[in-house]
Every structure is written in C-alpha cells, then in structure tokens.
Amino acid sequence: MSMIIAGVMSGTSADGINVALVRVASDEALASGPSPHKQRADFTLIAHEEYPFPAPIRRAILGMMNAELARVADLARLNFLLGELYAEAVAKTARKHRVKLDLVGCHGQTLYHQGEAGRFLGRKLAVTWQTGEGAVIYASACAGCHQGPRAVPYGGIDLALSSAISGPNADNLVNVVLNGLPAAAGARSGIMPGFAATLNDRQLVALANYLRGRFSDKGQWQDVDKSVRDGRSGRRPVI
C-alpha cells in the first residue's frame, strides 16, 4: 500500500504554516500475516512548503497564547480561521507539486501548554491546548476516504451506518481513530491508518463529538474525554 500524506504544523513562534508531503509505502505482504499491526513502512519526503502568517493573524495568535484573559468569541473565530488557513495551505501545496492526497494530519496551533500538573476545580491536571475545529479536521483528514468516490479498501465506508458512531459511548470510535483498521487476512475490507500520533486529545474529542452529531440521530456522548484517556492508555474495546 502506498499513500501520500500531508503533515501540517504551526509552532508556538506563530510565524506561519508548514506543510510536508510524504509518501508512505508499506509492505502489504505482511498485512495478511499473523500479526497485521507489524508492517514495515518506507517514508519519502516529496516536498515541503511554508506559508507565513499575515501580521494581524500572528499578532492575534500571540495575543491569545497563554493569555490571562481572552474573549470566547475571539477564540472560536480564531479556531475556524486557522482551520481555513490550514486547508488553503494544504491545497496550495498539493496543487503546486501535482499530487493527490490520501490523508492530512494537522497538529493545530498551540495556545496553551502546562507540562506540570496543577490544581484546578478539585483535580490535578497537566494540560495542553491546540486549537482545531472538529468539522475542519473531518473535512481535511477523513472526508476524502469516507465521502469520496473510492471503493473498499481505501474508501466506501458509510459513517452513517457505523456502529462505532451510533454506539452507547465513544470507546469504539476513539479506538478506531487512534489505532486504525488493519487489513483483514483473506477478506476485502476497509483499512484505515491510525491517528494516535497525529491528533491530540482535544482534537480527538472535537472530532468524536462532530461525527456523533453529524452521522447519528442519537444524543451527544458523555465522558468522551474518558474514552480518549482510556484509548491512550492502551485499553482496546471490542469493535
């Protein structure tokens, strides 16, 4: 299997958006063996581009970063604005280098990072916050396969029919997003890469809530944060 992936990053210096195009080729022969998770992969950097933030946007990011006081409305607007800028940067890079992307991974813009745990509302927490709207994440990272014309195994999975999204909690969905779906031996079934190293916890929560609201007629899940924590800790629900 070979995929072309765009990795997107904007660091705490807030100087701009970096996009790297990488070709990932895995040994499909290993996918049908007894341990499908153990696949070899080769990574080739195709291209890299940088898009500086306009001065007003950079000032806004730096002004909200670690701010003692910020308006919720401005944080929400920045959230969507950055999503649009990331999408534009990815599209420009793909057009310039004439590639068709299979996947986009975006770290998001860090606005706050607290590495040491501190007390907050009766709990001790270490936190980090990278802004990223769930709908934008879905559009950039998921829609190409889940809503595109591709057939199984690289597409063709209707999320409206997914038991992971309609289930009583977010455990199964989080497990799939984190770990992916390996190729099934002897069967033509959907495959999906894992996003454990690509999406942070806040983005996973936002994505899960968005998918539940868009592709299910059931109410929103409770404790999606717990599902993400359990998934990160290695708990593997039955799918």
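All the letters of the sequence shown, read from the start, carry residue numbers 12 to 250 under the numbering used here. Yeah, the Cβ is synthetic: ideal placement off N, Cα and C, and Gly gets one too. All of these numbers come straight from a predicted model, not from anything done at the bench.
Cα separation between residue i and residue j?
i           : j           : result
residue 46  : residue 190 : With a pLDDT of only 49 at residue 46, under the threshold of 50, the placement of this residue in the model should not be trusted; the figure read from the coordinates follows. Each residue's Cα considered, the two are about 14 Å apart.
residue 181 : residue 225 : 14 Å
residue 21  : residue 63  : 10 Å
residue 25  : residue 188 : 28 Å
residue 115 : residue 69  : 23 Å
residue 174 : residue 208 : 24 Å
residue 245 : residue 140 : 22 Å
residue 184 : residue 125 : 28 Å
residue 240 : residue 213 : 11 Å
residue 211 : residue 243 : 10 Å
residue 28  : residue 99  : 10 Å
Identify the continuous beta strand (DSSP E) that holds residue i and give its terminal residues.
i           : result
residue 209 : From DSSP, residue 209 is part of no beta strand (DSSP E); its letter is neither H nor E.
residue 110 : Unbroken run through residue 110: none, as it is neither H nor E.
residue 14  : 13-21
residue 231 : Looking at the DSSP string, residue 231 is not in any beta strand (DSSP E), and its letter there is neither H nor E.
residue 57  : 52-63
residue 24  : No beta strand (DSSP E) holds residue 24; DSSP gives it neither H nor E.
residue 136 : 134-142
Can you tell me where the alpha helix (DSSP H) holding residue i begins and where it ends?
i           : result
residue 183 : 182-190
residue 90  : 83-107
residue 175 : 174-177
residue 238 : 235-243
residue 67  : 66-75
Go through its chain and collect everything with a Cβ distance to residue i's Cβ below 7 Å, but skip five positions before and after it.
i           : result
residue 237 : none
residue 142 : 89, 90, 93, 119, 120 and 122
residue 56  : 31 and 33
residue 136 : 128 and 129
residue 65  : none
residue 235 : 181, 216, 219 and 220
Between residue i and the rest of its own chain, which residues show a CB-CB distance below 8 Å, the 5 nearest in sequence each way excluded?
i           : result
residue 85  : 71 and 75
residue 205 : 188, 189, 190 and 191
residue 231 : 220, 223 and 224
Quick check on residue i: buried or exposed, where buried means 16 or more other Cβ atoms within 10 Å of its Cβ?
i           : result
residue 44  : Residue confidence is low: residue 44 scores 48 on pLDDT, short of 50, so the model does not pin down where it sits. Its coordinate-derived value is still stated next. Exposed, by the Cβ-count rule.
residue 80  : exposed
residue 59  : exposed
residue 233 : exposed
residue 223 : buried
residue 40  : Because the pLDDT at residue 40 is just 43, under 50, the model does not fix this residue reliably, and the point stays unresolved.
residue 101 : buried
Within its chain, find whatever has a CB closer than 6 Å to the CB of residue i; leave out the 5 residues flanking it on each side and keep chain order.
i           : result
residue 117 : 19 and 97
residue 171 : 226
residue 36  : 13 and 53
residue 138 : 125
Is the stretch 30-37 in contact with the stretch 124-142, if contact means three or more CB pairs nearer than 8 Å?
These segments do not touch.
Closer than 8 Å is the cut-off here; do at least three beta carbon pairs connect the stretch 98-114 with the stretch 169-189?
No contact exists between the stretch 98-114 and the stretch 169-189.
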